[in-house]
Amino acid sequence: MSTQDKLERVLRDIHVLISRSELYDNTGEKIIVEKKKMFEHLNHLNACIYEMMDEYEVTQQSRDKAEREARKKGDAMIFKASRNAEDVYAAAVLYTDDALQRVQHIMQDTTDALQDILKKAQDDMKTQKGIIRENQSELKSQLQDMVDTEKYLKLIEERNHELEKERAKEKNEPKEEKKSPYQAIKPEIRINPEYFKKAGIPLVDEEPQDEVAEGKKEIPEVTVDLDAEYFKWKAKEKDNKKK
Numbered sequence: 001m002s003t004q005d006k007l008e009r010v011l012r013d014i015h016v017l018i019s020r021s022e023l024y025d026n027t028g029e030k031i032i033v034e035k036k037k038m039f040e041h042l043n044h045l046n047a048c049i050y051e052m053m054d055e056y057e058v059t060q061q062s063r064d065k066a067e068r069e070a071r072k073k074g075d076a077m078i079f080k081a082s083r084n085a086e087d088v089y090a091a092a093v094l095y096t097d098d099a100l101q102r103v104q105h106i107m108q109d110t111t112d113a114l115q116d117i118l119k120k121a122q123d124d125m126k127t128q129k130g131i132i133r134e135n136q137s138e139l140k141s142q143l144q145d146m147v148d149t150e151k152y153l154k155l156i157e158e159r160n161h162e163l164e165k166e167r168a169k170e171k172n173e174p175k176e177e178k179k180s181p182y183q184a185i186k187p188e189i190r191i192n193p194e195y196f197k198k199a200g201i202p203l204v205d206e207e208p209q210d211e212v213a214e215g216k217k218e219i220p221e222v223t224v225d226l227d228a229e230y231f232k233w234k235a236k237e238k239d240n241k242k243k
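The numbering of the sequence shown is our numbering, which starts it at 1 and goes up by one.
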């Protein structure tokens, strides 16, 4: 029987004892009870109370023990959860670090590829620039040759013009003819035109006009050393440029 049942039984016996006791007076406020039985019930009641107190203490101890165990279990759960959280955090950090490392590798590979493309483009540009410079130098040399040729031709034309002036001047000057003792004798030369026509030989008077025109355009012969004058002029031009 549990302590609670015992306590209820003792209280019920006390209640029965009081209810069956005789009245002391007519008011009904006082009764007459047996002292011995009352003390027995009170002793039983006291024992039940002490027993309940012991059970309460045991219960309290058990409760405290349960609380301690629960707290211990809670702390273990919290520690385990913290460890798990730390493991998850460490795994997340490692994963993030690995992802960042991969991103850095991708960026480095991209940078290297771009540098290779840029270097190749720069090399191509240098090559094309060198080709352009060579073409430019060749063009400049060709232009310089053209300029030198024009200057050379100009010198020739100027010299030829001077020679023409000198020859024209010589032609205009009167020449003294030496008198020959045979000057008065002039043999008469007769030409048979029919003979020249049959032979296909043109007469001097019938000289084709094309040959006459070509004779007019013919440049007088240059007797001076124009190359020496040209190189002399070229050296002079270089000296002027250096100054």
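Note that CB positions come from ideal geometry on N, CA and C, so glycine has one too.
Find the nearest neighbour of I14 within the set N43, S2 and N26, judged by alpha-carbon distance. Within the sequence shown, residue 14 is the residue found at index 14, counting from 1. Nearest of N43, S2 and N26 to I14, Cα basis: N43.
For the structure I just gave you, are there three or more beta carbon pairs, one from the region 39-56 and one from the region 76-86, closer than 8 Å? no
Beta-carbon spacing of E67, T3 below 8 Å: Taking the first residue of the sequence shown as position 1, residue 67 is located at position 67. Taking the first residue of the sequence shown as position 1, residue 3 is located at position 3. In this structure, T3 does not lie closer than 8 Å to E67 by Cβ.
In chain order, what residues of the same chain lie with their CB nearer than 8 Å to the CB of E57, ignoring the 5 residues before and after it? Counting from one through the sequence shown, the residue named residue 57 turns up at place 57. None.
Determine the DSSP secondary structure at E138, reduced to helix, strand or coil. Position 138 of the sequence shown holds residue 138. In the structure shown, E138 sits in a helix (DSSP, three-state: H, G or I).
Do K37 and L17 come within 8 Å of each other at the CB atom, strictly closer than that value? The residue you call residue 17 lines up with position 17 of the sequence shown. The residue you call residue 37 lines up with position 37 of the sequence shown. Between L17 and K37, the C-beta spacing is below 8 Å.
Per DSSP, what kind of secondary structure is E22 in: helix, strand or coil? Within the sequence shown, residue 22 is the residue found at index 22, counting from 1. DSSP places E22 in strand when its eight states are reduced to three.
Distance between T127 and S137 (C-alpha atoms, nearest Å): As a position in the sequence shown, residue 137 is number 137, starting the count at 1. As a position in the sequence shown, residue 127 is number 127, starting the count at 1. The straight-line gap from Cα to Cα measures roughly 15 Å.
Taking just the CA atoms, how far does R20 sit from E40? Translated into positions along the sequence shown, residue 40 becomes position 40. Translated into positions along the sequence shown, residue 20 becomes position 20. Rounded to the nearest angstrom, the two C-alpha atoms are 16 Å apart.
In the DSSP output, what is I31 paired with across the bridge? Within the sequence shown, numbered from 1, the residue matching residue 31 stands at position 31. Paired residue(s): L23.
Backbone CA spacing between Q101 and A70 [nearest angstrom]: Residue mapping note: residue 101 aligns to position 101 of the sequence shown, counting from 1. Residue mapping note: residue 70 aligns to position 70 of the sequence shown, counting from 1. Going by the C-alpha atoms only, they are around 45 Å apart.
DSSP state of E55 mapped onto helix, strand, coil: Within the sequence shown, numbered from 1, the residue matching residue 55 stands at position 55. Helix, per DSSP.
Once DSSP output is grouped into helix, strand and coil, what is the label at D13? One-based indexing of the sequence shown puts residue 13 at position 13. Reduced to three states, the DSSP call for D13 is helix.
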